[in-house]
Amino acid sequence: MSRITVDLTGKVAFITGGGSGIGRGFGLQMAACGAAVIVTDLNGQAADRVAAEIVAAGGQALALPVDVADAAALDVAVAAGIARFGQIDFLFANAGVLGPADYLDITPDDWDLVMDVNIKGVALTCRAVATHMMERKQGRILMTASYNGVRAGAHVIPYRVSKAAVLMYTRCLAMVMAPYGVTVNAICPGVTLTPMQLSYAEETAAEQGITRDAYLADRAARIPMGQFTEIDDLTGLAQFLVSDSARLITGQAIAPDGGVMTSS
Ligand SMILES: NC(=O)c1ccc[n+]([C@@H]2O[C@H](COP(=O)([O-])OP(=O)(O)OC[C@H]3O[C@@H](n4cnc5c(N)ncnc54)[C@H](O)[C@@H]3O)[C@@H](O)[C@H]2O)c1
Numbered sequence: 000m001s002r003i004t005v006d007l008t009g010k011v012a013f014i015t016g017g018g019s020g021i022g023r024g025f026g027l028q029m030a031a032c033g034a035a036v037i038v039t040d041l042n043g044q045a046a047d048r049v050a051a052e053i054v055a056a057g058g059q060a061l062a063l064p065v066d067v068a069d070a071a072a073l074d075v076a077v078a079a080g081i082a083r084f085g086q087i088d089f090l091f092a093n094a095g096v097l098g099p100a101d102y103l104d105i106t107p108d109d110w111d112l113v114m115d116v117n118i119k120g121v122a123l124t125c126r127a128v129a130t131h132m133m134e135r136k137q138g139r140i141l142m143t144a145s146y147n148g149v150r151a152g153a154h155v156i157p158y159r160v161s162k163a164a165v166l167m168y169t170r171c172l173a174m175v176m177a178p179y180g181v182t183v184n185a186i187c188p189g190v191t192l193t194p195m196q197l198s199y200a201e202e203t204a205a206e207q208g209i210t211r212d213a214y215l216a217d218r219a220a221r222i223p224m225g226q227f228t229e230i231d232d233l234t235g236l237a238q239f240l241v242s243d244s245a246r247l248i249t250g251q252a253i254a255p256d257g258g259v260m261t262s263s
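This is the structure:
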C-alpha cells in the first residue's frame with residue numbers, strides 16, 4: 000500500500016487484470032482511498048479473491064470474469080458495474096500478457112494473443128467506458144504500458160511493439176477525450192516482481208543455467224537505482240493521477256522505474 004493516500008470516497012474504479020500483480024495493487028489502493036472497485040480479470044477466481052480482500056478490509060467491490068479481447072463481455076461488465084455503483088470514475092486498462100521471449104519462437108498465434116490482449120484489449124476496454132465518461136464530462140483513464148514500450152531489445156518483441164502501440168493510443172485517446180474533461184495517461188512500470196515477471200525470471204534463469212535469485216540479482220544490478228519497481232511506487236502514482244490535483248495532466252507516459260528506461 001502506498002504510504003500516502005488521497006481521499007477518493009464516492010468514486011468508482013474499473014480495473015482489468017485486477018486479479019493479480021499490479022492490477023491487484025491498483026484495486027487495493029483505490030479501496031484504501033475510499034473508492035468502490037470493479038475488479039475484472041480473465042481469471043474469475045483471482046478477481047473474486049481480490050474483491051474479497053477489499054470487502055474484508057471494509058471496502059466495496061464487485062468481481063467479474065472478463066476477457067479484454069471480448070468487446071461484448073466488456074460492455075456487459077461496464078453495464079454491471081454502473082448498475083451496481085452508479086458510475087465509473089476511473090478506468091485502469093491494465094490486463095496484459097508477455098508472450099515468447101525469443102525471436103525464433105514467435106508464432107503467428109503468439110502475435111495474435113499479445114496484440115489482442117495488450118493493445119486491442121486496451122482499446123476495447125477504453126471504448127466500453129468512453130461514452131459513459133463523455134456523458135458525465137469527467138473521468139480518468141490509466142493504461143499500464145511498460146518501459147519495454149519505449150526501449151528496444153532483442154527479447155519479447157511482440158510485447159514491446161504492443162506496449163509502444165499503447166503509448167500512441169494513449170496520446171490519441173487523450174486528444175479525443177480532452178474536450179470532455181477526461182484525462183488519459185499511461186504508467187510505464189519498470190521491472191516489478193509480479194507473477195508475470197517472476198515466471199519470466201524463472202524461465203530465463205533456467206535457460207542460462209543459473210538460479211532465479213542469481214538472475215534477479217544481475218538484473219537489479221543493471222538498473223541505475225539498483226532496485227526493482229515496487230507495486231507501491233505504481234499505486235502511489237496512480238492515486239495521484241486519478242486525484243483532483245492531476246486534472247490537467249493528460250497524454251503522458253510516466254515511468255516510476257528508478258531509471259530502467261535508460262538501462263540495458
Ligand atoms: N511486472 C512487470 O515487470 C511489468 C512491467 C511493465 C509493465 N507491466 C504490465 O503490467 C500489467 C499487469 O501485469 P502484472 O505484472 O501485474 O502481471 P500478472 O500476470 O501478475 O497480472 C496480469 C493479470 O492480467 C490477467 N489477464 C491476462 N490476460 C487477460 C485477458 N485477456 N483479459 C483479462 N485479464 C487478463 C491475468 O489473469 C492476470 O491476473 C500488464 O499489462 C503488464 O504488461 C508489468
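Per numbering that gives the first Met the number 0, the sequence shown starts with residue 0, numbered consecutively.
A virtual CB, placed ideally from N, CA and C, is assigned to each residue, including glycine.
Does any residue of chain C have a CB that is nearer than 9 Å to the CB of residue i?
{"i": "G17", "result": "The chain labelled as chain C is not found in the depicted structure, where only one protein chain is given."}
From which residue to which residue does the alpha helix (DSSP H) around residue i run?
{"i": "V77", "result": "70 to 84"}
{"i": "V11", "result": "Here V11 belongs to no alpha helix (DSSP H); instead the beta strand (DSSP E) covers 11 to 14."}
{"i": "L112", "result": "107 to 114"}
Cβ of residue i versus every heavy atom of ligand 1: is any distance shorter than 8 Å?
{"i": "I264", "result": "Past the boundaries of the shown model lies residue 264; the chain is included only from 0 to 263, so the question cannot be answered."}
{"i": "D108", "result": "no"}
{"i": "G293", "result": "In the structure as shown, the chain begins at 0 and stops at 263. Residue 293 is therefore absent and cannot be evaluated."}
{"i": "T193", "result": "yes"}
{"i": "K296", "result": "Look at the range of the chain in this structure, 0 to 263, and you will see that residue 296 is not part of it."}
{"i": "A173", "result": "no"}
{"i": "S242", "result": "no"}
{"i": "V75", "result": "no"}
{"i": "D231", "result": "no"}
{"i": "C187", "result": "yes"}
{"i": "Y214", "result": "no"}
{"i": "Y102", "result": "no"}
{"i": "G47", "result": "Before going further, note that residue 47 is Asp rather than Gly in the sequence given. False, no ligand heavy atom lies under 8 Å from that Cβ."}
{"i": "T228", "result": "yes"}
{"i": "V67", "result": "yes"}
{"i": "A94", "result": "yes"}
{"i": "Q196", "result": "yes"}
{"i": "T143", "result": "yes"}
{"i": "N184", "result": "no"}
{"i": "G120", "result": "yes"}
{"i": "D39", "result": "Residue identity check: residue 39 is Thr in the sequence provided, not Asp. Yes, the beta carbon of T39 sits closer than 8 Å to at least one heavy atom of ligand 1."}
{"i": "V190", "result": "yes"}
{"i": "T146", "result": "Note that residue 146 corresponds to Tyr in the displayed sequence, not to Thr. For ligand 1, at least one heavy atom lies less than 8 Å from the Cβ of Y146."}
{"i": "V128", "result": "no"}
{"i": "Y158", "result": "yes"}
Quick one: using the 10 Å Cβ neighbour count with 16 as the cut-off for buried, is residue i buried or exposed?
{"i": "V175", "result": "exposed"}
{"i": "M29", "result": "buried"}
{"i": "Q44", "result": "exposed"}
{"i": "S212", "result": "Residue identity check: residue 212 is Asp in the sequence provided, not Ser. Exposed, because fewer than 16 other Cβ atoms sit within 10 Å of the Cβ of D212."}
{"i": "C125", "result": "buried"}
{"i": "K292", "result": "Within the shown structure, residues of the chain are numbered from 0 to 263, placing residue 292 beyond reach of any answer."}
{"i": "D88", "result": "buried"}
{"i": "T182", "result": "buried"}
{"i": "I327", "result": "Outside the displayed range of the chain (0 to 263) lies residue 327, so it cannot be described from this structure."}
{"i": "A62", "result": "buried"}
{"i": "T39", "result": "buried"}
{"i": "A205", "result": "exposed"}
Considering residue i, what are the terminal residues of the beta strand (DSSP E) in which it resides?
{"i": "L123", "result": "Counting along the chain, L123 falls outside any beta strand (DSSP E), though it belongs to the alpha helix (DSSP H) covering 120 to 135."}
{"i": "I140", "result": "138 to 143"}
{"i": "A153", "result": "No beta strand (DSSP E) contains A153, which DSSP labels as neither H nor E."}
{"i": "P64", "result": "60 to 64"}
{"i": "A92", "result": "89 to 92"}
Any heavy atom of ligand 2 within a distance shorter than 8 Å of the CB on residue i?
{"i": "I21", "result": "For ligand 2, the structure offers nothing, since it holds only ligand 1."}
Enumerated in chain order, which unbroken segments of the alpha helix (DSSP H) with a length of 4 residues or greater are wholly contained in the stretch 16 to 44? 20 to 31
Counting only runs that start and end within the stretch 174 to 252, where is the beta strand (DSSP E) found for 3 or more residues in a row? 181 to 186
Does the stretch 209 to 219 come close enough to the stretch 3 to 10 to have 3 or more Cβ pairs within less than 8 Å? no
Does the stretch 83 to 98 come close enough to the stretch 116 to 131 that 3 or more CB-CB pairs lie under 8 Å? yes
Pairs of beta-carbons, one from the stretch 68 to 77 and one from the stretch 44 to 60, closer than 8 Å: are there three or more? no
Are at least three pairs of beta-carbons, each pair with one atom in the stretch 233 to 250 and one in the stretch 161 to 173, less than 8 Å apart? yes
Is the stretch 146 to 165 close to the stretch 97 to 107, with three or more CB pairs under 8 Å? yes
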